[in-house]
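Chemist: This is the structure I want to talk about, given as C-alpha cells.
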Ligand SMILES: [Zn+2]
C-alpha cells in the first residue's frame, strides 16, 4: 500500500515513460485499437487503452485520472485537448 505522496511520484515517473514509447493506434497493454484515452497523474500523463485494459490499469493503483474520453477513429489524440469528445470524468 503506497502513501499518497509516493503514489503521486510513481505516477509522475510512469506517466513520462509510458507516453514516449507507445503507438497511439494501439492499446498500451495489447495490440487492440484503443477505445478510451485518459489524462492522469494529476494531468501530466496521457494514456490510451482498450476498455478491458483501462479497467485493469485504473483499478491497479490510484491513477489520479482527471479526464477520460472516447478515442476518435481508433487512434489516441496527440494532445488530449485535440480530442473533442466529452470528458467522462466530469460530474455535471
Ligand atoms: Zn488492451
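In the numbering used here, the protein residues as written are 332 to 423. We treat Cβ as the ideally placed atom computed from N, Cα and C, and that holds for glycine.
CA-CA distance, residue 368 and residue 392?
Modeler: In a straight line, the C-alpha of residue 368 is about 17 Å away from that of residue 392.
Chemist: Kindly provide the ranges of any beta strand (DSSP E) runs that are 3 or more residues long and lie completely inside the region 382 to 408, ordered along the chain.
Modeler: If we require 3 residues or more, the beta strand (DSSP E) runs fully inside the region 382 to 408 come out as 398 to 401.
Chemist: Rounded to the nearest angstrom, what separates residue 412 and residue 335 at their Cα positions?
Modeler: Spanning the two alpha carbons is a distance of roughly 27 Å.
Chemist: Please tell me whether, using a cut-off of 6 Å, the distance from the CB of residue 353 to the nearest non-hydrogen atom of ligand 1 is below it.
Modeler: Checking every heavy atom of ligand 1 against the Cβ of residue 353, none is found closer than 6 Å.
Chemist: Quick one, are the C-beta atoms of residue 387 and residue 342 less than 7 Å apart?
Modeler: No.
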